[in-house]
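Residue numbers (the working numbering): 1076 to 1185.
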């Protein structure tokens, strides 16, 4: 599902986390690249600017409960990767909801 919406999902995350645009395409290889880029940026923010990371997670609409679970249950070396997973999962949820709503509105308007 993410690979179908990768450029859009990456754009939403890139704005919140100040990431460059690496020209993501809709492919599984780019999904892995997205996760690697996110994990690297999150690692940097965890050490240098955790407040900015928390603000970005809020803007990306990642649930506070999920964030707390990850912080409480993750080993320190897995923390950035687990936060990346939360971000990606939330972006997929948002894209699915938006598309379903757009299709519903389109069907009602026909």
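Backbone N, C-alpha and C fix where the C-beta goes; we use that ideal spot for every residue, glycine too.
- By the criterion of a C-beta distance shorter than 6 angstroms, residue 1087 is surrounded in its chain by 1166, once the five residues flanking it on both sides are discounted.
- For residue 1126, the enclosing alpha helix (DSSP H) starts and ends at 1125 to 1134.
- In the same chain as residue 1117, and ignoring 5 residues on each side of it, the C-beta atoms closer than 7 angstroms to its own belong to 1128, 1155, 1158 and 1159, in chain order.
- Inclusion of residue 1142 and residue 1132 in the CB contact set at 8 angstroms is warranted, their separation being smaller than that value.
- Taking residue 1112 as reference, the option from 1179, 1090, 1094 and 1176 with the minimal CA-CA separation is 1094.
- Less than 8 angstroms separates the beta-carbon of residue 1085 from that of residue 1109.
- Between the alpha carbons of residue 1124 and residue 1130 lies a gap of roughly 10 angstroms.
- Within the region 1111 to 1181, the runs of alpha helix (DSSP H) that reach at least 4 residues and sit entirely inside it are, in chain order, 1125 to 1134 and 1139 to 1148.
- Burial check for residue 1114: the Cβ neighbour count within 10 Å reaches 16 or more, so the residue is buried.
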